[in-house]
DNA sequence: CGAACGCTTGAATCGACTCAAGCCCTGTGG
DNA sequence: CCACAGGGCTTGAGTCGATTCAAGCGTTCG
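Protein chains in written order, with our numbering: chain A, 1 to 241; chain B, 1 to 241.
The structure is reproduced here in structure tokens:
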């Protein structure tokens, strides 16, 4: 799929786009780039001059820790803008890497700001995109701080599945999600041993299974219950299911 | 101080404002409101039609948990826009309450969007404000997920002190911060007993003391070291100290 | 003066982490 | 084609630390 199609599709999740907005998006020139697994796309401290949209696969944002470890902050799939913030914040306070092989498309900031100044409503849509992003971060704070381990993991699964479903990336009850248990632990703030034990526990609930890079949702309502998941914070206009 | 002065002062932290931008800000009509301690200003699920700037005291954002408890997400002092996101996200996914007695000033969204459409650069400044907000949330994820208890608490103290200093709210080495230990625990994801024990531990370092609503910083470099604090994520143009 | 709230502290419990060993699968080189 | 090395996953045992529970103190406010 073309980058502009993906962008329009994504922004329509939460914003109304006029045909002029869409036409403006079509004028943007995207440059495609393929990424190998674990490849860094942007590093902490970089001052990028372009913004990136995910075209396929997954990309993640993370903080580098003093210890050398990572704190994963968010996961992004086709349609997401993992560095939309860089448009107005010069220096990256976090890094972005590929999770499994992925592809992205980048636009020059200059082009984007020109488009925004021509179509302010397009700017508002992208702004809204960054605000949803912030909302997801808030939920992550609560998730990692206030919920028990099984609920925490279930909540992440719920969110990723729900977002992927909204963007049409779910195949039946399966979602390809090539994260390792180590990365899962670095996202949820748990040691790898605990990640695995929690996974075993969740399997026993017969609501989800995550193994070898595939998330299988067997019982959505029960999974939501375990994860205390309420999708309101994702601010999607059309709430699937 | 007038609301427009406070707003200009705050936005100048990270954005360049032209005299036209400032003039536009001065046209906004703010309504002042006094808040008692613990009073809710905005509730989860609300659909506010105005934005709020803190005038004095502290305000906090929080998620209500199923258990009835709270997860505090961020603390805001005079100059901050604790609900800037509500401009473009209709439904509040979190609540805002006063910490101690506080005052806020509100503007109608309509007025604000009108001002933004007239002065796009003003919109960019507010947008940047929301992006810094998101950056602070990201740091909170890392703080609450990856750092040990003393570092976690020290980091929060560093952030609040640094931000307050930048806005001129610090008096010598003292910062008025009327949060209870319970609230501190609900922000940092620790039980109250642990909060107190960690406080004792930090006192022993002779770098900080927090008691009866006052934060005293005795040794800033050591406090930063304990909290692994690097202010880059606050994206301030002029970095004090 | 009594009640309520917030802070403090100790003791016991529980859960997560670390450490360690072993497994499976994959990819590589002999 | 098989052996081996490495990475990721799995699991158990022991340790450590945070939580819970509980009691007591101080201050504030009605």
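The C-beta atom is built at its ideal place from N, Cα and C for all residues, glycine as well. Nothing here was measured: the structure is a model prediction, and the numbers come from that model.
Boundaries of the beta strand (DSSP E) harbouring residue 62 (chain A): 50-64, taken from the DSSP string. The DSSP assignment places complete beta strand (DSSP E) segments of no fewer than 3 residues inside the segment 61-111 of chain A at 70-76, 95-108, in order along the chain. Taking a 10 Å sphere around the C-beta of residue 34 (chain B), we find fewer than 16 other C-beta atoms and assign the residue as exposed. Taking the Cβ atoms as the reference, residue 72 (chain B) lies roughly 5 Å from residue 186 (chain B), within the contact range of under 8 Å.
Here residue 198 (chain B) is buried, its C-beta having at least 16 other C-beta atoms within 10 Å. In this chain, the alpha helix (DSSP H) harbouring residue 4 (chain A) covers 3-11. Note that the C-beta distance between residue 85 (chain B) and residue 130 (chain B) is below 7 Å.
At least 7 Å separates the CB of residue 168 (chain B) from every CB of chain A. The beta carbon of residue 235 (chain A) falls within 7 Å of a beta carbon belonging to chain B, placing the residue at that interface. Using beta-carbon distances, residue 66 (chain A) counts as an interface residue toward chain B, with a partner under 7 Å.
Comparing C-alpha distances from residue 231 (chain A) to each of A:139, A:174, A:123, A:50 shows the shortest one belongs to A:139.
In the structure shown, the three-state DSSP call for residue 210 (chain A) is strand.
The C-alpha of residue 119 (chain B) is placed about 27 Å away from the C-alpha of residue 56 (chain B). At least one beta carbon of chain A lies nearer than 7 Å to the beta carbon of residue 85 (chain B).
C-alpha of residue 164 (chain B) to C-alpha of residue 64 (chain B): approximately 26 Å in a straight line. Residue burial annotation: residue 76 (chain B) is buried, with at least 16 other C-beta atoms found within 10 angstroms of its C-beta. Annotated three-state conformation of residue 197 (chain A) is helix, per DSSP. In the assembly as shown, residue 148 (chain A) is an exposed residue. Its beta-carbon has fewer than 16 other beta-carbons within 10 Å. Distance from residue 54 (chain B) to residue 90 (chain B) at the Cβ level is roughly 22 Å; contact not present, criterion being Cβ atoms closer than 8 Å.
Ranked by how close their Cα comes to the Cα of residue 50 (chain A), the residues A:235, A:98, A:88 have A:88 in first place.
Every beta strand (DSSP E) of 3 residues or more that sits fully in the segment 133-178 of chain A is shown, in chain order, as 174-176.
Short of 8 Å from the beta carbon of residue 132 (chain A), and not among the five residues preceding or following it, lie these beta carbons of its own chain, in chain order: 14, 234, 235. Distance from the CA of residue 101 (chain A) to the CA of residue 176 (chain A), rounded to the nearest whole angstrom, comes to 12 Å. The closest CA to that of residue 29 (chain B), considering only B:111, B:121, B:39, is found on B:111. Contact between residue 157 (chain B) and residue 215 (chain B) holds, since their C-beta atoms are separated by about 6 Å, short of 8 Å. When DSSP states are grouped into helix, strand and coil, residue 186 (chain A) belongs to the helix group. Within the model, the alpha-carbon separation for residue 31 (chain B) versus residue 127 (chain A) is close to 26 Å.
The bridge partners DSSP lists for residue 191 (chain A) come to none. In this structure, the beta-carbon distance from residue 166 (chain A) to residue 11 (chain A) does not fall below 7 Å. When C-beta distances to chain A are compared with 8 Å, the residues of the segment 117-138 of chain B below that value are 117, 120, 123, 124, 127, 128, 130, 131, 132, 133, 134, 135, 137, 138, in chain order. The beta-carbon separation of residue 107 (chain A) and residue 61 (chain A), rounded to 19 Å, does not stay under the 8 Å limit for a contact. Taken atom to atom, the span from the alpha-carbon of residue 144 (chain A) to that of residue 141 (chain B) is near 7 Å. Around the beta carbon of residue 5 (chain A), fewer than 16 other beta carbons sit within 10 angstroms, so the residue counts as exposed. Note on geometry: alpha-carbon atoms of residue 208 (chain B) and residue 83 (chain B) lie some 30 Å from one another. Using a CB distance cut-off of 7 Å, residue 63 (chain B) counts as an interface residue toward chain A.
Measuring C-alpha to C-alpha distances from residue 212 (chain B) to each of B:179, B:194, B:222 identifies B:179 as the nearest.
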